[in-house]
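Visitor:
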Amino acid sequence: MGGSGVASLTEDRRPTTEDRRLQTDIPPLRLRQLNRKPIDTEGDFVLYWMTAFRRTRYNFALERAVEHAKALDKPLVVFEALRAGYRWASDRFHHFVIQGMADNQRRLDSKPVLYYPYLEPKPDAGKGLLAELSKRSCVVVGDDFPSFFLPRMIEAATRQIPVSFELVDSNGILPLRAADKVYLRAVDFRRFLQKTLEPHLEEVPKANPLARIKLPKLKALPSSITKTWPAADVAKLAGDPAPLERFPIDHEVGVTDTKGGERAARRALRRFLDSRLDRYADERNQPEEEVTSGLSPYLHWGHISAHQVFEELMDWDDWTPDRLARKATGSRSGWWGASENVEAFLDEFITWRELGYNMAWQRDDYTRYASLPEWARDTIELHSEDKRAYSYSLKRFESSETHDELWNAAQRQLVEDGVIHNYLRMLWGKKIYEWSPNAKKAIAVMIELNNKYGLDGRNPNSYSGIFWVLGRYDRAWGPERPIFGKLRYMSSENTARKLRVGEYLERYGVES
194 MGGSGVASLT
204 EDRRPTTEDR
214 RLQTDIPPLR
224 LRQLNRKPID
234 TEGDFVLYWM
244 TAFRRTRYNF
254 ALERAVEHAK
264 ALDKPLVVFE
274 ALRAGYRWAS
284 DRFHHFVIQG
294 MADNQRRLDS
304 KPVLYYPYLE
314 PKPDAGKGLL
324 AELSKRSCVV
334 VGDDFPSFFL
344 PRMIEAATRQ
354 IPVSFELVDS
364 NGILPLRAAD
374 KVYLRAVDFR
384 RFLQKTLEPH
394 LEEVPKANPL
404 ARIKLPKLKA
414 LPSSITKTWP
424 AADVAKLAGD
434 PAPLERFPID
444 HEVGVTDTKG
454 GERAARRALR
464 RFLDSRLDRY
474 ADERNQPEEE
484 VTSGLSPYLH
494 WGHISAHQVF
504 EELMDWDDWT
514 PDRLARKATG
524 SRSGWWGASE
534 NVEAFLDEFI
544 TWRELGYNMA
554 WQRDDYTRYA
564 SLPEWARDTI
574 ELHSEDKRAY
584 SYSLKRFESS
594 ETHDELWNAA
604 QRQLVEDGVI
614 HNYLRMLWGK
624 KIYEWSPNAK
634 KAIAVMIELN
644 NKYGLDGRNP
654 NSYSGIFWVL
664 GRYDRAWGPE
674 RPIFGKLRYM
684 SSENTARKLR
694 VGEYLERYGV
704 ES
């Protein structure tokens, strides 16, 4: 079991002497040993390989690395890299991530930590760098993220690291491995959360794991490393994206007005709490109202922690754990004992977000047609020969060249802003299925467009949204319809009647 492909390496591992003497505050379910190598007490430093939780606050992985450095009285090196050769690499994603790297550098430079940012100038230019760093390390700590290319990258790295290599899960409120089965319906996962989540609410990463730490600080990495793989000037690139032209990435997918990094993430959270949350339950589906949190890009790239969001949200509501209901019903509201707006947000933020992570770490096929529930595949195949009134190519979808004004507007928002309004994202997907020759081609189109343009794409939660279109986490609906069969049906006409879309169409309804 395990989408990472390395879970078997962690089974029946006997702790070494070094493991036994290191006390940890990290919840055991969040900590995985990836190899059987010992901690090298003679190493030069502790290495934290930051890949998914790209932040300095509320980060179990950074906290674990600090624990090692303090126990060994060794310097701490935080290594954050950005590859050039991954699929969909673009100016948009590079700039967003680099802005976060600049935040990390600004903060870590004032601490007894050596921060090492590296940007690949071309695909595979960074090959060998992690191996060189780990050869000089006492122990390597990494991020346990279950999606995109990261699990394969971690699996490959495990074979290269000659010292103890640990992964730490700092993804969500529920540890990934707290649920050892895939939940196929939100109501069942919600009921499971209501039965098991309470003790995990007390397991919170330190808000500032670097506060008042005293460590020897490494002045510099060996020149044999930095000459071959020079540190990037992330501060300069964060302010001006023009130099990104020299990187072999997609320059047609341009930067957006949404800034990346911890500081921008915290501002987005404060904006949501101060001016949006009190309208969330009633108006979150309205495209013309700015009441959604806007946090999904920051959660995806690890610029903010789910724990920080949860803590500040519940402080806003003056909530305490004694308000939790004692009975698990699976209901979307009532269990938390919080206000209506907070309950509505928590169902999206915890139930639906972490439902996607629940599948991603346990099923390697979560991005493929075969992962759909049997009833959905049955009804799709029964209607596979139904005639489509419209059929569009990927190019026409991408260029917003359909007959549907509202759909075109949603696609333009994705291309221009890197997001689609939450409710319209569902309509966007339903229409792609209706106007594609078959379900597999529709999946390919949705994945390509979402992952190419979406700041929050390539994430378990975004794959949940794509596959929900075709029945994942849903149920059979009636009456049975052409093309959709028993899949939930949505139309632009009904959406326009239910929601206020005039201003939205004015903003995104014509070519910019």
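With the sequence shown counted from 1, adding 193 to any position gets you the working numbering.
The C-beta atom is built at its ideal place from N, Cα and C for all residues, glycine as well.
1. How many angstroms separate the CA atom of P310 from the CA atom of G293?
2. As a quick exercise: from T389, W545 and W628, pick the residue whose alpha carbon is nearest that of S586.
3. Using a Cβ cut-off of 8 Å (strictly closer), state whether H576 contacts chain C.
4. Evaluate contact between the stretch 320-335 and the stretch 628-644, counting only Cβ atoms and requiring at least three cross-stretch pairs below 8 Å.
5. Below 8 Å between beta carbons: does that hold for A324 and Q298?
6. Which of the three DSSP states, helix, strand or coil, is assigned to F358?
7. With a floor of 4 residues, list each alpha helix (DSSP H) that falls wholly inside the stretch 297-329, ordered by position along the chain.
8. In whole angstroms, give me the CA-to-CA distance for A458 and D558.
9. Helix, strand or coil: which one does DSSP assign to M346?
10. Less than 8 Å separating the beta-carbons of V271 and V306?
11. Counting C-beta neighbours from all protein chains within 10 Å, is the total for G527 16 or more, i.e. buried, or is it exposed?
12. Under DSSP, the beta strand (DSSP E) around Q387 begins and ends at which residues?
13. Do you know whose CA, among A282, E359 and S685, lies nearest K230's CA?
14. Of all the options A277, P415 and G622, which has the alpha carbon lying nearest to the alpha carbon of D317?
15. Run through DSSP, which three-state label would R674 get?
16. Whole angstroms is fine: what's the gap from F246's alpha carbon to A499's?
17. Do you know whose CA, among G647, N551 and R581, lies nearest R674's CA?
18. DSSP puts D443 in a beta bridge; with which residues?
19. For the beta strand (DSSP E) holding F542, just list the boundary residues, first then last.
20. Please classify G365 as buried or exposed, where buried requires at least 16 neighbouring CB atoms within 10 angstroms.
21. Between D296, K263, H444 and A372, which has its C-alpha nearest G495's C-alpha?
22. So the beta strand (DSSP E) Q606 belongs to, where does it begin and stop?
23. If you scan the stretch 437-499 from start to end, which runs of the alpha helix (DSSP H) of 4 or more residues do you find wholly inside it?
24. Taking only the alpha-carbon atoms, compute the straight-line gap between T572 and P490 and give it to the nearest angstrom.
25. Going by Cα to Cα distance, which pick from I625, E391 and V612 is closest to A521?
26. Pick helix, strand or coil for W661, following the three-state DSSP scheme.
27. What is the DSSP secondary structure of D571, counted as helix, strand or coil?
28. With a threshold of 16 other CB atoms inside 10 Å of the CB of F342, please say whether the residue is buried or exposed.
29. Given this structure, state the Cα-to-Cα distance separating S655 from S363, to the nearest angstrom.
30. Output needed for Y697: all residues of its chain with C-beta closer than 7 Å, excluding positions within five of it in sequence on either side, in chain order.
31. Using beta-carbon positions only, say whether I659 and I636 come within less than 8 Å of one another.
32. Whole angstroms are fine: how far does the CA of L620 sit from the CA of K691?
33. Can you tell me whether L224 is helix, strand or coil according to DSSP?
34. Just how far apart, CA to CA, sit S684 and K624?
35. Run through the DSSP bridge pairs and tell me what L240 is partnered with.
Guide: In short:
1. 11 Å
2. W628
3. The chain labelled as chain C is not found in the depicted structure, where only one protein chain is given.
4. no
5. no
6. strand
7. 322-328
8. 31 Å
9. helix
10. yes
11. exposed
12. Taken as a continuous stretch (DSSP letters only), Q387 belongs to no beta strand (DSSP E), being part of the alpha helix (DSSP H) at A379 to T389.
13. E359
14. A277
15. strand
16. 11 Å
17. R581
18. S283
19. First-last for F542: undefined, no H or E at that position.
20. buried
21. D296
22. No beta strand (DSSP E) contains Q606, which is instead part of the alpha helix (DSSP H) from E598 to D610.
23. 455-468, 473-476 and 489-494
24. 34 Å
25. E391
26. helix
27. helix
28. exposed
29. 18 Å
30. P480, E481 and A602
31. yes
32. 13 Å
33. strand
34. 8 Å
35. V270 and V333
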